[in-house]
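Here is the structure we will look at, set down as structure tokens.
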Amino acid sequence: MIGILGFIGLILGRRFLPPRTALWLGALWLALLVFVHSPLIMQPNPVSGFLGGSFIGWLILVILSVPVAGYRLGLQVLRRKLAVPLPVSTPSTSFAEVELDRYARHIMLREIGGAGQKKLRAARVLVVGAGGLGSSALLYLAASGVGQIGVIDADIVENSNLQRQVIHTDERIGMPKVHSAVEAMRALNPFITGLAYQRRLDDRTAALLDEYDLILDGTDNFDTRYLVNRLCVAAGKPLISAAITQWEGQISLYDPASGGPCFECVFPTRPAPGLVPSCAEAGVAAPLPGVLGAMMAMEAVKYLTGAGQGLRGRLMIYDGLYAEVRVIAAKPRVDCPVCSARATPPAASKAL
Ligand SMILES: [Zn+2]
0 MIGILGFIGL ILGRRFLPPR TALWLGALWL ALLVFVHSPL IMQPNPVSGF LGGSFIGWLI
60 LVILSVPVAG YRLGLQVLRR KLAVPLPVST PSTSFAEVEL DRYARHIMLR EIGGAGQKKL
120 RAARVLVVGA GGLGSSALLY LAASGVGQIG VIDADIVENS NLQRQVIHTD ERIGMPKVHS
180 AVEAMRALNP FITGLAYQRR LDDRTAALLD EYDLILDGTD NFDTRYLVNR LCVAAGKPLI
240 SAAITQWEGQ ISLYDPASGG PCFECVFPTR PAPGLVPSCA EAGVAAPLPG VLGAMMAMEA
300 VKYLTGAGQG LRGRLMIYDG LYAEVRVIAA KPRVDCPVCS ARATPPAASK AL
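Using numbering that gives the first Met the number 0, the letters of the sequence shown correspond one by one to residues 0 to 351.
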């Protein structure tokens with residue numbers, strides 16, 4: 000009787016046990032029952048009397064169980080052999096039909112493809128400055144499907160901005176530029192996340208850089224450009240920086256963490272105040288920030304997808320007035336006060 004109760008207990012308890020364990024416990028229990036009733040040991044004995052049943056009875060159960068167990072085992076082996084590996088389920092990384100359609104012309108490019116488009120969607124890019132360069136850079140980053148685009152700027156939209164800062168509109172005059180920019184990006188591509196930071200990037204707000212993979216600097220003054228470079232080097236973040244004046248612009252990827260120069264390696268001497276006039280002082284052709292801003296977005300897409308050759312260690316200069324483009328080599332400077340200190344181990348480490 001106890002022998003039978005043992006099987007009933009196993010059947011009831013199998014939901015709490017792994018199937019394989021329940022099967023092995025059942026087999027062991029049956030083997031024990033057969034053994035204690037076996038004519039090989041003294042019969043009757045107190046244990047066999049307590050468990051109940053007879054040697055023949057339990058032996059018949061063994062004989063009946065063997066084909067059942069063999070059938071189940073064979074079935075498992077067959078299932079394992081015939082099993083087709085399931086495709087890796089990637090619901091969180093797959094694109095909806097409407098996104099596939101939106102990005103189709105990216106996906107058909109050999110250098111980007113579906114894998115590159117996924118990299119773009121996973122990427123986080125921070126654009127410093129929502130002015131002329133930022134306008135086209137932000138719009139093309141959003142159109143390209145960069146998943147998270149942050150924009151940091153403390154200014155508000157003014158009437159005089161609209162000649163070249165095409166991300167803003169006449170009716171958004173007076174609105175913080177970052178909010179206007181995020182509104183425009185969301186209107187263009189609702190599948191991306193636009194984040195607005197209405198403040199200046201400085202030492203107090205530098206922790207923001209940690210939340211991004213790539214920084215784009217489209218600010219319009221030297222002080223900020225040097226500052227953004229220093230903060231990016233300190234944070235180990237790659238920086239695409241562009242600058243424009245009148246008819247000419249330049250752009251490069253500054254990435255000392257990967258062996259390239261930083262901005263200060265290439266421009267070690269700050270121009271004296273007033274020597275290089277700003278756009279407000281010297282003027283700027285309206286499409287120029289559009290051209291350079293689009294180049295920033297282009298270099299960002301290349302950097303994030305690994306397509307082509309980027310501008311690390313190369314400075315591209317665009318002369319809009321004579322329609323000329325030049326690319327010159329840029330190397331890290333061993334005496335750069337910003338990035339060489341980072342690359343050089345501390346004296347104590349050298350001694351070791
Ligand atoms: Zn440097």
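Note that beta-carbon positions come from the ideal geometry of N, C-alpha and C, so glycine has one too.
Practice prompt. Identify whether D254 lies in helix, strand or coil by the three-state DSSP scheme.
Written response: Counted from its first residue, the sequence shown places residue 254 at position 255. It is coil, neither helix nor strand.
Item to complete: With hydrogens ignored, establish whether the beta-carbon of R332 is closer than 8 Å to any heavy atom of ligand 1.
Response: Residue 332 sits at position 333 when you count from the first residue of the sequence shown. R332 Cβ: within cutoff of ligand 1.
Discussion item. Please report the straight-line C-alpha distance between E157 and V227, rounded to a whole angstrom.
Written reply: Counted from its first residue, the sequence shown places residue 157 at position 158. Counted from its first residue, the sequence shown places residue 227 at position 228. Their Cα atoms are separated by approximately 24 Å.
Fill in: Three-state secondary structure assigned by DSSP to M315
As a first step, residue 315 must be located in the sequence shown, where it is residue number 316. Note: M315 maps to strand in three-state DSSP.
Worksheet item: Near E170, which residues of its chain fall below 7 Å by C-beta distance, leaving aside the five closest residues on each side in sequence?
Response: For the purposes of this step, residue 170 is taken as residue 171 along the sequence shown, with counting starting at 1. Closer than 7 Å at Cβ, skipping near neighbours: no residue.
Worksheet item: Does the Cβ-Cβ distance between S134 and A180 come in under 9 Å?
Response: For this step, residue 134 is matched to residue 135 along the sequence shown. For this step, residue 180 is matched to residue 181 along the sequence shown. Yes; because the gap between Cβ atoms is below 9 Å, this pair is in contact.
Item to complete: Examine ligand 1 and report whether any of its heavy atoms sits within less than 8 Å of the Cβ of C335.
Response: Within the sequence shown, numbered from 1, the residue matching residue 335 stands at position 336. Indeed, a heavy atom of ligand 1 lies less than 8 Å from the Cβ.
Fill in: Outcome for S88 when other beta-carbon atoms lying within 10 angstroms are tallied against a minimum of 16
Counting from one through the sequence shown, the residue named residue 88 turns up at place 89. The pLDDT assigned to S88 is 34, lower than 50, so where the model puts this residue is not dependable; a value taken from the coordinates is nonetheless given after this. Label assigned to S88: exposed.
Worksheet entry | Cβ-Cβ separation, R163 to V326 (assumed contact under 8 Å), whole Å | Within the sequence shown, numbered from 1, the residue matching residue 326 stands at position 327. Within the sequence shown, numbered from 1, the residue matching residue 163 stands at position 164. The pair is not a contact, with the Cβ atoms about 24 Å apart (cut-off 8 Å).
Practice prompt. Go ahead and pull the three-state DSSP assignment for R357.
Written response: Limits of the chain in this structure are 0 at one end and 351 at the other, which puts residue 357 out of reach.
Worksheet item: Cβ of S339 within 8 Å of any heavy atom in ligand 1?
Response: Here residue 339 refers to the residue found at position 340 when the sequence shown is read from its first residue. It does: the Cβ of S339 is within 8 Å (strictly closer) of some heavy atom of ligand 1.
Discussion item. Quick check: what's the CA-CA separation for P86 versus L207?
Written reply: Along the sequence shown, read from residue 1 onward, the residue named residue 86 stands at position 87. Along the sequence shown, read from residue 1 onward, the residue named residue 207 stands at position 208. Residue confidence for P86 is low, a pLDDT of 33 falling below 50, so the modelled location carries little weight; the figure read from the coordinates is stated next. Their Cα atoms are separated by approximately 38 Å.
Worksheet item: Skipping 5 residues on each side, what residues in its chain have a beta carbon closer than 7 Å to that of A281?
Response: As a working mapping, residue 281 is identified with position 282 in the sequence shown. Result list for A281: T244 and Q245, in chain order.
Worksheet item: Is it right to say L320 is buried, meaning 16 or more other beta carbons lie within 10 angstroms of its own, or is it exposed?
Response: Here residue 320 refers to the residue found at position 321 of the sequence shown. Counting Cβ neighbours within 10 Å, L320 comes out exposed, since fewer than 16 surround it.
Discussion item. So the candidates are N160, Q116 and G309; which of them puts its Cα closest to the Cα of L140?
Written reply: Residue numbering aside, residue 140 sits at position 141 when the sequence shown is read from its first letter. Answer by Cα proximity: Q116.
Worksheet item: When you compare only the Cα positions, how much space is there between V131 and G289?
Response: Here residue 131 refers to the residue found at position 132 when the sequence shown is read from its first residue. Here residue 289 refers to the residue found at position 290 when the sequence shown is read from its first residue. For the record, residue 131 in the displayed sequence is Gly; it is not Val. Cα-Cα distance, rounded: 7 Å.
Worksheet item: Is it a yes or a no for the region 250-268 touching the region 226-242, going by three-plus beta-carbon pairs under 8 Å?
Response: yes
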